[in-house]
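A.B. asks:
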Amino acid sequence: MWYTKSMPLAVFFEYLLWQYGDGIQEYMRAWKNIHWFLWCLFSVPLLLHTFFSPFRRTSEGYGRTFDPSVIAQTFLINLVTRLVGIIVRAVFLVIALLFETAVAAVGILLFFFFITAPAAVPGLLLTGIIFLFIALI
Numbered sequence: 190m191w192y193t194k195s196m197p198l199a200v201f202f203e204y205l206l207w208q209y210g211d212g213i214q215e216y217m218r219a220w221k222n223i224h225w226f227l228w229c230l231f232s233v234p235l236l237l238h239t240f241f242s243p244f245r246r247t248s249e250g251y252g253r254t255f256d257p258s259v260i261a262q263t264f265l266i267n268l269v270t271r272l273v274g275i276i277v278r279a280v281f282l283v284i285a286l287l288f289e290t291a292v293a294a295v296g297i298l299l300f301f302f303f304i305t306a307p308a309a310v311p312g313l314l315l316t317g318i319i320f321l322f323i324a325l326i
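Just so you know, we're using the working numbering here: the sequence shown kicks off at 190 and counts up by one.
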């Protein structure tokens, strides 16, 4: 392909077509992948499914004999391990929620910059030239 005088204009319009067409779709796909990664990293479905399970599956068996003190002791140990499991899982769910919120906020901010970039580049170039001439005066 040979270079012609209209090539820079054609490249600019192709860029704009990509920016506001396929570029937005690619940005959304990447953003969705980041959310999916965080969702899987923190194992949110598993944490919710096993929310009331004992911590690290630590629990005591009640045995075959009827002894009220052993039953009460086993019940308290199992209750404590479940409470520890709930607390640990709740902390991880809160951390996952914080990360998801931060990624969403940063993603919205970057999407705004992504959309306004074609207008910002010429505007910033013009502003730089104006400031350059003001500094020379």
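Idealized CB from N, CA, C, for every residue including glycine.
How is the alpha helix (DSSP H) around Arg218 delimited, first residue to last?
C.D. replies: By 1-based counting over the sequence shown, the position of residue 218 is 29. Asp211 to Leu230 is the extent of the alpha helix (DSSP H) around Arg218.
A.B. asks: Going by C-alpha distance, which of His238, Ile304 and Gly296 is nearest Ile275?
C.D. replies: Working through the sequence shown from its first residue, we reach residue 275 at position 86. When only C-alpha atoms are compared, the closest one is His238.
A.B. asks: Within 10 Å of its beta-carbon, does Arg218 have 16 or more other beta-carbons around it, so buried, or fewer, so exposed?
C.D. replies: Position 29 of the sequence shown holds residue 218. Exposed is the call here.
A.B. asks: In its own chain, which residues sit with a C-beta less than 6 Å from the C-beta of Ser242, not counting the 5 before and 5 after it?
C.D. replies: What you label residue 242 is simply residue 53 of the sequence shown in a count that begins at 1. For Ser242, where only same-chain residues beyond five positions count, the Cβ hits under 6 Å are Gly274.
A.B. asks: Is the CB-CB distance between Leu282 and Val233 below 9 Å?
C.D. replies: Within the sequence shown, residue 282 is the residue found at index 93, counting from 1. Within the sequence shown, residue 233 is the residue found at index 44, counting from 1. Yes, the pair counts as a contact, with Cβ atoms nearer than the cut-off.
A.B. asks: Taking Val277 and Phe244 to be in contact with their CB atoms under 8 Å, please state how far apart those CB atoms are, rounded to whole angstroms.
C.D. replies: Reading the sequence shown from its first residue, position 88 is the one you call residue 277. Reading the sequence shown from its first residue, position 55 is the one you call residue 244. Indeed they touch by this definition, with Cβ atoms about 6 Å apart.
A.B. asks: Report yes if the C-beta distance between Lys212 and Phe302 is below 9 Å; otherwise report no.
C.D. replies: To locate residue 212, count along the sequence shown from 1; it is residue 23. To locate residue 302, count along the sequence shown from 1; it is residue 113. Here residue 212 turns out to be Gly, not Lys, going by the sequence shown. Contact: no.
A.B. asks: One question on the structure: do Phe231 and Ile284 come within less than 9 Å of each other, judged by their Cβ atoms?
C.D. replies: By one-based count along the sequence shown, residue 231 stands at place 42. By one-based count along the sequence shown, residue 284 stands at place 95. Yes, Cβ-Cβ distance for Phe231 and Ile284 is below 9 Å.
A.B. asks: Starting from Thr290 and walking both ways along the alpha helix (DSSP H), at which residues does that stretch end?
C.D. replies: Stepping through the sequence shown from its first residue, residue 290 is reached at position 101. Here the alpha helix (DSSP H) through Thr290 covers Pro257 to Leu325.
A.B. asks: In this structure, how does DSSP classify Phe240 when only helix, strand and coil are distinguished?
C.D. replies: Within the sequence shown, the letter at position 51 stands for residue 240. In the structure shown, Phe240 sits in coil (DSSP, three-state: anything other than H, G, I, E or B).
A.B. asks: Report back the beta-carbon spacing between Leu147 and Pro307 to the nearest angstrom; my notes put them in contact at under 8 Å.
C.D. replies: There is no way to answer for residue 147, as the model of the chain reaches only from 190 to 326.
A.B. asks: Report all residues from its chain with a CB closer than 7 Å to the CB of Trp220; omit the five preceding and five following residues, and keep chain order.
C.D. replies: Along the sequence shown, one-based indexing puts residue 220 at 31. These residues qualify, in order along the chain: Gly296.
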